[in-house]
Amino acid sequence: MKTKETEDKDNEGVISTVDYSLDSFPLDLTMDILLKLPAKSLLVCKSVSKKWCSIIRSQIFIDTFLSVSISRPLFLFTYQHYSWNDNYDNQLIILSSPHHISHPESNDSSSLVPRHEMAMSKTSPDRYIIHSCVRGFIYCSHHHHYMVCNPTTRQVISLPEDHRFDHDTVKYYMHLGYDLSNDKYKVLRMVVTQPWRDNLVSEHSVYTLERQQSSNVPWRRVESGISNYTPCSKGVYINGVVYYEGRTTSSMILVTFDFDSERFGQIKQPEETLTCLADYKGKLAGLSFLNETSFRLLVLEDVKEQIWSKTDIFYFPDTFWHLEETFSGTTDAGELVFGGNSYADGLYVSFFDIKTKVMRRVEIEGFTDDDELRWWRISSWTN
Numbered sequence: 558m559k560t561k562e563t564e565d566k567d568n569e570g571v572i573s574t575v576d577y578s579l580d581s582f583p584l585d586l587t588m589d590i591l592l593k594l595p596a597k598s599l600l601v602c603k604s605v606s607k608k609w610c611s612i613i614r615s616q617i618f619i620d621t622f623l624s625v626s627i628s629r630p631l632f633l634f635t636y637q638h639y640s641w642n643d644n645y646d647n648q649l650i651i652l653s654s655p656h657h658i659s660h661p662e663s664n665d666s667s668s669l670v671p672r673h674e675m676a677m678s679k680t681s682p683d684r685y686i687i688h689s690c691v692r693g694f695i696y697c698s699h700h701h702h703y704m705v706c707n708p709t710t711r712q713v714i715s716l717p718e719d720h721r722f723d724h725d726t727v728k729y730y731m732h733l734g735y736d737l738s739n740d741k742y743k744v745l746r747m748v749v750t751q752p753w754r755d756n757l758v759s760e761h762s763v764y765t766l767e768r769q770q771s772s773n774v775p776w777r778r779v780e781s782g783i784s785n786y787t788p789c790s791k792g793v794y795i796n797g798v799v800y801y802e803g804r805t806t807s808s809m810i811l812v813t814f815d816f817d818s819e820r821f822g823q824i825k826q827p828e829e830t831l832t833c834l835a836d837y838k839g840k841l842a843g844l845s846f847l848n849e850t851s852f853r854l855l856v857l858e859d860v861k862e863q864i865w866s867k868t869d870i871f872y873f874p875d876t877f878w879h880l881e882e883t884f885s886g887t888t889d890a891g892e893l894v895f896g897g898n899s900y901a902d903g904l905y906v907s908f909f910d911i912k913t914k915v916m917r918r919v920e921i922e923g924f925t926d927d928d929e930l931r932w933w934r935i936s937s938w939t940n
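To convert, count from 1 in the sequence shown and add 557; that's our numbering.
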């Protein structure tokens, strides 16, 4: 405890002691200060005092901090760094950046330096596959190993193996989601037991991530009511529900799964074919490419009535298709995001404003000219 001796002006010659300890701060003020800090700083602050450690570890602080963090949507950048040696000393690098990226009014290009979140090492030549991002958590896999990562705390939770299935004879489709009612993260899994034959889903199951994780928690089988289909998109999570496309023997279907009720549903497809799904300002949306240079944005305005709206036709700049960029999602402001797959001339992200019909490019700085950089992508978490 830090103190300071001062002379009492009202009582001449009397020395009083003033407490300047951080623990003397009011609880609400301490909470406000800590909530403004990044997660990595909080890990350090836990060692400041027992009181601070108790506050940071309390459930009310954790829930409040998570709510504040979620209200500040981020871009997630992941790339694979290779060191070609006998030990396969390779890494998945995870970085982040705020959605709001300032850029000069007089120029349609700018740059950003993302913040390093965490690195994950691997010991095989197989690359990491990033499946989805939900509320700051990342679901990924590597060489038949499935895991959920929290870049904020750098925690990695491995999902249990299901020994009923052989990795060489099955194929998994999985989606990460959040149960809003029970405050729990869950993973939806579709199992295809004959991928070389009909490629149809034979089982749907759910795994719940607990605060005190145990390897003994099994996968729970759930009934879908949907038969003879194959998942064919990574899906998008919006407010407790994951949406993904499937293919039957005769048509495409749009499947929903509610992580609260653990029930499946179907949504009527729009007349135009959806190329990819996205969260557009809290609503399900998708791009419909009319040809190589033009597209529409389709938005599910009413889930119950299954009413879709569509925008005017947008045209990409002539140089867009030479950039090798693919659709990666949207910002909270409604801009469409396209991430590059090529790094020969640097790493870039393009933003298309559907109101102004203007596209701008942003360079991702902080990388060196490294020939060992592979398979980078950009994602976005907003809810």
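Idealized CB from N, CA, C, for every residue including glycine. Please read these numbers as outputs of a predicted model, since none were measured by experiment.
With a cut-off of 8 angstroms on Cβ pairs, the segment 812 to 832 is in contact with the segment 737 to 746, counting three or more such pairs.
For C610, the enclosing alpha helix (DSSP H) begins and ends at K607 to R614.
In this structure, DSSP gives F694 an extended state, which the three-state scheme calls strand. By the Cβ test, the segment 699 to 710 is not in contact with the segment 782 to 792, since fewer than three Cβ pairs between them sit closer than 8 angstroms.
Counting along the chain, the unbroken alpha helix (DSSP H) around T587 starts and ends at L584 to L592. Comparing alpha-carbon positions, the option among L811, I686 and R918 lying closest to L649 turns out to be I686. The shortest C-alpha to C-alpha distance from A890 to any of A842, M588, I911 and R777 is the one to I911. A Cβ-Cβ distance of about 5 angstroms is found for the pair H732 and V799, placing them in contact under the 8 angstroms criterion. A Cβ-Cβ contact shorter than 9 angstroms links V906 with V894. Where K840 is concerned, the enclosing beta strand (DSSP E) starts and stops at K840 to F846. Judged by DSSP secondary structure, L757 falls outside any beta strand (DSSP E); it is assigned neither H nor E. Under the three-state reduction of DSSP output, C789 falls in the coil class, being neither helix nor strand. The three-state secondary structure of F852, taken from DSSP, is strand. V860 is the residue among V860, C833 and Y837 whose C-alpha sits nearest the C-alpha of G822. Under the DSSP definition of a beta bridge, Q712 partners with N707. Beta bridge pairing from DSSP links K914 with no other residue. Distance from the CA atom of N848 to the CA atom of P827, rounded to whole angstroms, is 18 angstroms. Cβ-Cβ distances below 6 angstroms link E858 to I864 and S866 in the same chain, with the five nearest sequence neighbours on each side left out; the list follows chain order.
The shortest C-alpha to C-alpha distance from L904 to any of S626, P655 and S668 is the one to S668.
Look at A890 here: in three-state DSSP terms it is coil, with no helix or strand label. H701 is classed as exposed because its beta carbon has fewer than 16 other beta carbons within 10 Å across all chains shown. Of the residues I613, I695, V856 and R684, the one whose Cα lies closest to the Cα of V744 is I695. Beta-bridge partners assigned by DSSP to D815: V798 and R820.
Boundaries of the alpha helix (DSSP H) harbouring S598: A596 to C602, taken from the DSSP string.
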